[in-house]
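S.K.: Residues 11 to 178, numbered by our numbering, are exactly what the sequence shown covers, in order.
Idealized CB from N, CA, C, for every residue including glycine.
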Amino acid sequence: MLVADNPALAEPLADRYAAVIAQAAQKHNSRTVLGISSTFGKDVLPRAAALLDVPMVSDVLAIEEKNGSNSYRRPVNAGTMLATVKLESDRRVLTARATAFEAPAADAGASPIERFEFDAASLPNGMEFISSEERISGRPDLTEAAVVVCGGRPLRDKETFERLVGGL
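#1: Tell me where the alpha helix (DSSP H) around L44 begins and ends.
#2: Measure how close the beta-carbons of D53 and P134 come, nearest whole angstrom, since I'm counting them as under 8 Å.
#3: Looking at the structure shown, is K127 part of a helix, part of a strand, or coil, going by DSSP?
#4: Can you tell me whether V86 is buried or exposed, with buried defined as 16 or more other CB within 10 angstroms of its CB?
#5: For G89 and V70, I'd like the C-alpha separation in whole angstroms.
#6: Rounded to a whole number of angstroms, what is the C-alpha to C-alpha distance between E74 and L19?
#7: Would you kindly work out how many angstroms separate the C-alpha atoms of M66 and A72, rounded to a whole number?
#8: Please report the Cβ distance between R14 and A32, rounded to the nearest whole angstrom; I am assuming they are in contact, meaning their Cβ atoms lie under 8 Å.
#9: So, helix, strand or coil for L19, using DSSP?
#10: Would DSSP call L104 helix, strand or coil?
#11: Apart from the five residues just before and just after L174, which ones in its own chain have a Cβ nearer than 8 Å to its Cβ?
#12: Nearest CA to the CA of A106: which residue from V158, S147 and R83?
Next up, the structure:
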């Protein structure tokens, strides 16, 4: 595990984080860069893949090994279908859905933590962070929910939906 601690990364600017990830992947000759399929991960990792000039697979649900190479299952068509894709490159960037994989066992061990030094002067500076606001919702994030209930036009309005399924 690499930790990049620098004032240039104090604010969540995707172009800077992507540049640091790309520098780390190049320095360590990483074959795979893997991140979570969160809003921020989906903002940062495609940029890192572009900087590394490697293919990317997003929203990975499963990794399948066959004949010494990996293929990746991911949703397509707004989640109505699943596709299995294989990359021709030996280097890749992936985002994975956290709920698709089991948590590691408690006795799985820990990775060593190393400080990663990078050239802060080389980071992009064409974007300035202004502010952020946390949106508070009483409902779980859809990527974290165990059950998702949705209603369409037959329910007509929010009140009907809440009356029928609001207690779930």
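M.R.: Concretely, from the data shown:
#1: L44 -> not in any alpha helix (DSSP H); beta strand (DSSP E) instead, spanning T42 to I46.
#2: Taking 8 Å as the upper bound for CB-CB distance, D53 and P134 are not in contact here, some 14 Å apart.
#3: Note that residue 127 is Glu in the sequence shown, not Lys. The answer is coil: DSSP assigns E127 none of H, G, I, E or B.
#4: By the neighbour-count definition (other C-beta atoms within 10 Å, threshold 16), V86 is an exposed residue.
#5: A direct Cα-to-Cα measurement between G89 and V70 gives close to 12 Å.
#6: So the two alpha carbons sit approximately 35 Å from each other.
#7: The alpha-carbon of M66 is positioned some 15 Å away from that of A72.
#8: It is Ala, not Arg, that sits at residue 14 in the sequence shown. With 8 Å as the limit, A14 and A32 do not qualify as a contact, their Cβ atoms being about 12 Å apart.
#9: If DSSP states are grouped into helix, strand and coil, L19 belongs with the helices.
#10: Three-state result, L104: strand.
#11: Same-chain partners within the cutoff: G161 and L165.
#12: Residue R83 is the option with its Cα nearest to A106.
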